[in-house]
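Below is one structure; the comments refer to it alone.
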Amino acid sequence: MILSYGKIRASFAQVGKDAEPYSIKNVFVSSGVGDGYQDSEIHSPYTSADGSSVLGFTVSDRLRNDKIKPEISTTWEVGTELSFLKDRLSVDFTYYWKRTRNEIMAVPAAPSTGFTERIINAGILSNNGVELSFRGTPVSLDNGFKWEIYGTFTKNWSKVIKVADNADQIVIGGLSSMAIVIQKGQPYGSFYAITSERDDKGNPVVDPATGAPVMTSTPQIVGTFAPKWLGSLGTALSYKGLRVSVLFDTRVGGQFYSATRDLQQFIGTDPLTLYNDREDFVIPNSVYRASDGSYQPNTTPVHYQDYWTNFIRQDYANNLVTATYVKLREVAISYSFPKKWLAPTKYISNIELNVFGNNLWIWTPKSNTYADPEVNAYGAANAQGFEFYNLPSLRTMGFGVKVDF
Amino acid sequence: MKSIIKNITICFSLASLLLIGACKKDFLDVNTNPTTPRQVDVSFALPSAQAYLGYTMGNQLSLAGGFWGQYWTQGPNANQYAALDQYVYNSSESDRPWAALYAGTLKDLQFIYETAQKDSTKKNYGAIARILQAYTYQVVTDAWGKAPFTEALKGDQDNFAPHYDSEEQIYDGILSMVNEGLGMLDDGYATPGSDDLIYNGDLFWYEFGSAKLKILMRQSEIRPAIAQQGISEMFTNGEPFLTRRGCTLILF
């Protein structure tokens, strides 16, 4: 029989989540003020006119809330596990649907209220998607040699259904130039920034006097970090006590903001700045708005230095880079000593030696010469996709000995 | 061997049960942060308010004025102020000073003033706070025009959309604020010492009413009647700032 094992499963769950600690009562915090540039901030303790040092405390800018309700997450999923050909091929498929309501979040407040943030229940977020995984054993010999292949595929659709009664957008990270926001109708974590204005065919609009790009007057949603899909593929060979495995990981789609690209273009180390041999150039396909409202092709060259150090940097969306990658996630070799060698020692039941390497190799599309898309300035936080001069990601290699008693 | 391990495990689990009793009583209290106080003395809030005010005046607002008055220009090797230099003043330029003045300075000054209302020994703190509030609101309205005034700073009373008052209303309001502050100054009570970063608690300077004269003079072109009236009043009342504490008025 071909189908050797089959299972269908379904589940429904509802989970509540609490607020972060210290979200209920208003407090005073040690004060400090800055202008966004490093080293020009001043913090308590302050130096008074008579030279002495005084501590300063300010009313915390975050307005706490003692009436918040718990966050409720409702999930249902259906799935199936199937095994064919006497377990030589197994497939697992899941579809899930999840909705989170009353998310507890700190939304921005108008500073003229005395606070810059307040904690409220807001937001309805929906996430649904599929997860598919398979495992197959094409070769399995009687002498113990086995060759397995396994892989996964995941695709998630996320959408912000609602933010708050009086807000359609909340900033969860980024800078004032390139913000990472939650916006109604967009996937969770979208980029929001002022960008180069374009005509309806997508051509950049310039100022006919200088040839410089014109920016939009208000910021817009310009992209998201959310991937189109994620996948992995691995294979393993095993023979008696020896096992060798290799795992590849991929992410396709989505973008991340690269501050490295911004800086490289400013100082001229990005090969893109060599365009036109560093002579003044006409921006390709650029147009300008004529007095009758139509868009005419532009012939005014822009000064190359002004372009790379100033003009193009005002288009913050220019620094969004594709986040697609393929990584060699893991290579592992392990050897377990045969049981009969261990039988004389009555207590030890297994000794295994292993050698492994993680993140050994990465491939990214040609347009990404800047960074590993997985680095994130915020670490494992809600705001993702923000590379801000992070150190490159690391390759790790190691070995281990495992002894079972 | 297996039984030895089982015994060791049992011993460890019993030992860890004993340790639970050693935890602090309010260890699980996630509502009270041990590092941020729920109340502070006004002498901590005053330097904080003044620091935010001084910083904003000396940094962002000074830069805007300096660039537009052409005292400064953007150096060619950097471009952090290029937007200001090109007379582009958008929210990324004004967000920080606005927030520093409202959520920083004005909120703290309001806290000091309200504390002084309840505790009369802090009268001088309240007076200084009121005068500085008038000064700060004048800066805000001179820089940005219409601004929240009567409905401002009420986030903790659930007003999240304060109405913007006109510049005339703000000027009228701050004149009465300054008068109120000057009226509260009282040598008989404690004055701030080094926690007043600007004048170290020397009430003379606050009484000098520099804020008040500036408020009136600023209106001399646009509402000359009010300016004239206010200044004449200051003269005829032999306004303390002119003759107090050994200062001699020389008329010429």
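Protein chains in written order, with our numbering: chain A, 1 to 405; chain B, 1001 to 1252. Heads up, the beta-carbon is just placed ideally off N, CA and C, and yes, glycines get one too.
Asked	Found
Residue 1102 (chain B) and residue 1152 (chain B) closer than 8 Å at C-beta	yes
Cβ neighbour criterion (16 or more within 10 Å) applied to residue 400 (chain A)	exposed
Simplified DSSP assignment, three categories, for residue 361 (chain A)	strand
Neighbour flag for residue 1137 (chain B) against chain A, beta carbons, 8 Å	no
Nearest neighbour of residue 27 (chain A), chosen from B:1188, B:1038, B:1033, B:1087 [CA to CA]	B:1038
8 Å CB neighbourhood of residue 139 (chain A) in its chain, flanking five on each side removed	145, 146, 147
Buried/exposed call for residue 1122 (chain B), threshold 16 Cβ in 10 Å	buried
Where residue 1245 (chain B) falls: helix, strand or coil (DSSP)	Since pLDDT at residue 1245 (chain B) reaches only 49, below the 50 mark, its modelled position is unreliable, and the value read off the structure follows with that caveat. Here residue 1245 (chain B) sits in helix by DSSP.
Contact with chain B by residue 189 (chain A), beta-carbon distance below 8 Å	no
Residue range of the unbroken beta strand (DSSP E) whose run includes residue 401 (chain A)	396 to 404
Within chain B, the residues that residue 389 (chain A) reaches when beta carbons sit closer than 7 Å	Chain B residues near residue 389 (chain A): none, gap ~16 Å exceeds 7 Å.
CB of residue 180 (chain A) within 8 Å of CB of residue 385 (chain A), strictly	yes
Residue 258 (chain A) burial status per 10 Å Cβ neighbour count (16 or more: buried)	buried
C-beta contact flag for residue 1048 (chain B) and residue 48 (chain A) at 8 Å	no
8 Å Cβ cutoff met for residue 125 (chain A) and residue 5 (chain A)	no
Completely contained beta strand (DSSP E) runs for the segment 201 to 256 of chain A, where each covers 3 or more residues	220 to 224, 229 to 239, 242 to 252
Continuous alpha helix (DSSP H) stretch holding residue 197 (chain A): start and end	Segment: none, residue 197 (chain A) is in no alpha helix (DSSP H) and carries neither H nor E.
Within chain B, the residues that residue 309 (chain A) reaches when beta carbons sit closer than 8 Å	1079
Proximity test, Cβ basis, 8 Å: residue 199 (chain A) and chain B	no
Cutoff 8 Å: residue 54 (chain A) Cβ touching any chain B Cβ	yes
Residue(s) in a DSSP beta bridge with residue 321 (chain A)	A:256
Proximity to residue 69 (chain A) [Cα-Cα], best of A:129, A:131, A:17, A:109	A:17
Interface flag, residue 1060 (chain B) vs chain A, CB-CB below 8 Å	yes
Three-pair Cβ contact test at 8 Å for the segment 278 to 296 of chain A versus the segment 202 to 218 of chain A	yes
Cutoff 8 Å: residue 1159 (chain B) Cβ touching any chain A Cβ	yes
Collapsed DSSP secondary structure at residue 1108 (chain B) in the structure displayed	helix
Short CB-CB distance (under 8 Å) between residue 104 (chain A) and chain B	no
Spatial distance of residue 118 (chain A) from residue 172 (chain A) (CA atoms)	13 Å
Closest by C-alpha distance to residue 1142 (chain B), when choosing among B:1111, B:1043, B:1215, B:1157	B:1215
Residue interval of the beta strand (DSSP E) (run including residue 159 (chain A))	146 to 162
Interface positions of the segment 108 to 124 of chain A facing chain B (Cβ-Cβ less than 8 Å), listed along the chain	109, 110, 111, 112, 113, 114, 115, 116, 118
Where residue 9 (chain A) falls, given that 16 or more other Cβ within 10 Å makes a residue buried	exposed
Span separating the alpha-carbon of residue 1065 (chain B) from that of residue 153 (chain A)	57 Å
Same chain, Cβ closer than 6 Å to residue 1107 (chain B), five either side skipped, listed in chain order	1153
Beta-carbon proximity list for residue 392 (chain A), same chain, < 6 Å, skipping 5 on both sides	none
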